[in-house]
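Since the structure comes first, as structure tokens, the remarks are kept for the end.
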Amino acid sequence: MNFNQRTTTVILGFSIVLLLKDIIVTKSFAQTLIPIETQNNAFVLEAEKDKDLSSIYFGKKLVDINEYKLVSGLYKQTEEYTGLANAAYTPSGSRNLLEPAITVTHADGNNSLDLRYVSHKQAKVNDNVSLLSIVLKDPVYDFEVKLYYKSYFKEDVVEQWSEIKHGEKGDVVLQKYASANLHLKAKSYWLNQYHGDWAKEMQPEEARLTHGIKTIDSKLGTRANLFQPSVFMISLDKPATEDEGNVLYGALEYSGNFKVDLELDYQDNLRIIAGINNYASPYTLKPGDTFTTPPFLYTFSNQGKGNASRKLQSWARKYKLQDGNGNRLTLLNNWEATYFDFNENKLAELIGDTKKLGVDMFLLDDGWFANKYSRNDDRAGLGDWQENKAKLPNGIGSLVKEATANGVKFGLWIEPEMINPKSELYEKHPDWVIKQPKRNEHYFRNQLVLDLANPQVQDFVYGIVDRLFTKNPELAYLKWDCNAVIYNAHSAFLKNQSHFYIEYMNGLYNVLKRIRAKFPNVPMMLCSGGGGRVDYGALQFFTEFWPSDNTDPMERIFIQWEYSYFYPAISSSNHVTDWGKQPIKFRTDVAMMGKLGFDIVVNKLPENDLKFCQEAIKNYNGLKDVIWHGDQYRLANPREGNVASVMYVDEAKARGIIFNYLVNNRYGSNSASPIKLKGLDPRKKYRITEINLFPGTSSTLDVKKVFSGDFLMNVGFNPDVNTSRTSVVLEFKEVK
Ligand code: GLA
């Protein structure tokens, strides 16, 4: 069914428009149904006769659009006292008794808000995308909220946000301003959430929600995901598995403080209220100005977590991630090979090694800049973005030339939002730094954060990037880091400190927009001392992210697994390093599951290790199209058994790759049973071969046999993973 064939607004019953004094009270006895439908799902809103706008259905799409109106009547839950428990955007201070989506203080000091439906508009953006907007107004105050629902039909994704404005006689203070307010009905709700720290990103926890409010939030200001990202899953009735169950994925597209309240209310329904964290941030809105919230993103699947993440990954590649369906550069990074200790000769060697290894680009990391306070460790120099004359007397330009002469590209690390107190920048512009004027400074990794709320600082940060590319047009890539959180939140520029956290983010996005307007095609890695800033608010400007500084491949199997629920493989920068005890083959195989890079001392690699890497890179180049643009299936969960297995298949279901790892070293642990493949064509025949074999070893697998997709999906295939074959990479191809 195409979404064009269904009317998206259904007016039921009859309506009498009473022309009362009050402009918005078009009193009516009509029910206005507003279904937001995608290929498989429906989210249905209803404006009742008193014009409260409520959520009445969330789940699998019904065949008959007229039947949504029957849903509410079938629930005999406890009495609803307010008419607002399932509000589409819950106001506060009037009838509401639950967690609000919006709280305001009007120009006259009054704290009450009531929002009634006025009108709505459906616009078609293109064949797949539509935009619904709904106007709500307060009957008493000149105050308006416009709710937006951008729906992506094929991907079953909705982005929801709100616009808030007023025409009152003075300023209004927004005390809370959520992006979205969902309402779900089920017998039980299971939250899968994430927590972490440096080198421990994306640690999952799943639990049944109990009554009251569970909050997922951040108050870190920047690098906001360090302890907790905004991504989460809610399974309905029972925890969803990879292939079964009703599950909603949610995420705020925002890189600053966020807050997601999950309120299991007294009627046993789940209210999800998500948006910017209002912590320390009452926002003063002038008459006529508009406050726009960032989008809250959600998708729903009644076929489990795998289906939900494939939809989200495909949405991200097509609509959000910078150049999501494009190409990426494989690379050699010098961070762990040299840290801050390098000079032109050493780098020339590494550039040569880049070529020898067979990757596309050399990436110069931290330590290349600052002179008065040289950047020889992380205690000085941050902010002074001039080449360090001792290390690079001929500048970045000569390195770019060196790379070009070697037939590889050149990329550069920057951390432009941050500053060491020991820097010339700090001496020149102490007022550009976020700090409390009357308190001691407090450092994170010996550094502070620049005040991006200040337009001059925005120009400075933009200028760093602009100058680098103007001076070195062949510069091919940036790794944009962000290592500190915000302590002592205070801007010397802002008059109203309550706007600080919001204006910081507006400033950052402003800079990134300007960079993208001038340099639309430069690949950029989003890094934050690991994965402290992985979100779709930022990823619209970046081609990839750095999941974690923890590159121990055993840890990475788990970390990458969790990121893969929400982010496509093409966005995950995975580097082979010396972390962990696993052999180079294991490390490379794990890094190949996303965007491959290396951060090792190539000239110290034993001959066979180097040979292996070179061969693996060739294999990767042959298969990266499937890894980056194909469908990903998680086959065996490392948390549930001895083996982890992840598969990628191309759109034609003709070709793909399966990564298998032993994740338990106890005696006799192996892939005891065949692993069932997914997403194949049951009628097609496939041959499976093992690739990425370490020089001098041979596969234990029989490559002569051909299997049907039907067999592989119902019986499976055994990669023969065991303690002497801890990492096995399989390529499969259709046999005609
Ligand atoms: C952060 C990054 C690392 C590296 C260092 C450089 O920790 O995550 O990859 O770039 O900074 O200081």
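Using the working numbering, the first residue of the sequence shown is number 4, and each one after it goes up by one.
We put the beta carbon where it would ideally sit given N, CA and C, even for glycine.
It should be emphasised that the depicted structure is a prediction, and the values quoted were computed from it without experimental measurement.
Selected residue, minimal CA-CA separation from residue i, among the options
i    : options                   : result
D380 : D387, A408, D344 and K359 : D344
L481 : N668, R519, L683 and N184 : R519
D713 : K707, V738, K687 and F697 : K687
R119 : V66, K54, K153 and K63    : K54
Y507 : V452, S312, V593 and D538 : V452
L515 : Y568, K64, Q461 and I489  : Q461
F61  : V160, E147 and D111       : V160
F156 : E102, P586 and F303       : F303
I587 : S574, Y84, K607 and S575  : K607
M421 : V362, D369 and A487       : A487
S727 : L733, T703 and G719       : T703
P38  : T85, G96, L100 and H123   : H123
V411 : E444, N443 and T333       : T333
M205 : E390, D538, E610 and F372 : D538
A188 : I437, L251, M528 and V121 : The residue asked about is misnamed: residue 188 is Lys in this sequence, not Ala. Comparing Cα positions, the closest option is L251.
L315 : N330, D634 and P419       : D634
Y446 : P424, L733 and W201       : P424
K614 : G361, G540 and K739       : G361
E427 : A393, I399, Y465 and R378 : R378
Y257 : G540, V403 and I68        : G540
L87  : L665, T554, L101 and N397 : L101
E162 : S133, L665, K438 and P142 : S133
I678 : V709, N645 and N499       : N645
Rounded Cβ spacing between residue i and residue j (contact assumed at less than 8 angstroms)
i    : j    : result
T106 : K179 : 4 angstroms
F601 : S730 : Actually they are not in contact, since the Cβ atoms of F601 and S730 sit about 16 angstroms apart, beyond 8 angstroms.
L367 : L415 : 5 angstroms
P440 : H493 : 7 angstroms
L395 : E339 : Not quite, the Cβ-Cβ distance comes to about 20 angstroms (not below 8 angstroms), so this is no contact.
F299 : S182 : 4 angstroms
N577 : L599 : 6 angstroms
C530 : W483 : 6 angstroms
N44  : K63  : 6 angstroms
E49  : L36  : 5 angstroms
R690 : K656 : Not confirmed; about 14 angstroms, so no contact.
F294 : V263 : Actually they are not in contact, since the Cβ atoms of F294 and V263 sit about 19 angstroms apart, beyond 8 angstroms.
N184 : A126 : Going by Cβ atoms, the distance from N184 to A126 rounds to 22 angstroms, so no, they are not a contact pair.
Residue i, DSSP secondary structure in three states
i    : result
E352 : helix
I27  : The pLDDT assigned to I27 is 33, lower than 50, so where the model puts this residue is not dependable; a value taken from the coordinates is nonetheless given after this. I27: coil per DSSP, three-state reduction.
S741 : Nothing about residue 741 can be reported from this structure: the residues present for the chain run from 4 to 739 only.
V646 : strand
W582 : coil
P458 : helix
L139 : strand
H502 : helix
L100 : coil
K392 : coil
A655 : coil
E693 : strand
F720 : strand
S494 : coil
W549 : coil
I19  : Confidence is the limiting factor: at I19 the pLDDT is only 33, short of 50, which leaves the residue's position unreliable, though a coordinate-based value still follows. Note: I19 maps to coil in three-state DSSP.
G224 : coil
M557 : helix
Y566 : helix
F522 : coil
H169 : strand
A3   : Lying outside 4 to 739, the shown extent of the chain, residue 3 is not represented and no answer is given.
N725 : strand
E70  : helix
P433 : helix
Is there contact between the stretch 615-622 and the stretch 553-563, where contact requires at least three CB pairs shorter than 8 angstroms? no
Please confirm if the stretch 469-479 is in contact with the stretch 220-234, defined as three or more CB-CB distances below 8 angstroms between the two stretches. no
Check whether the stretch 267-282 and the stretch 75-83 are in contact - that is, three or more C-beta pairs closer than 8 angstroms. yes
Between the stretch 238-248 and the stretch 260-269, are three or more C-beta pairs nearer than 8 angstroms? no
So, does the stretch 667-681 touch the stretch 693-705, judging by three or more C-beta pairs under 8 angstroms? no
The stretch 276-284 / the stretch 133-140 touching (three or more Cβ pairs under 8 angstroms): no
Three Cβ pairs or more, each shorter than 8 angstroms: is that satisfied between the stretch 372-390 and the stretch 356-364? no
Counting pairs of Cβ atoms below 8 angstroms between the stretch 643-656 and the stretch 679-686, do you hit three or more? yes
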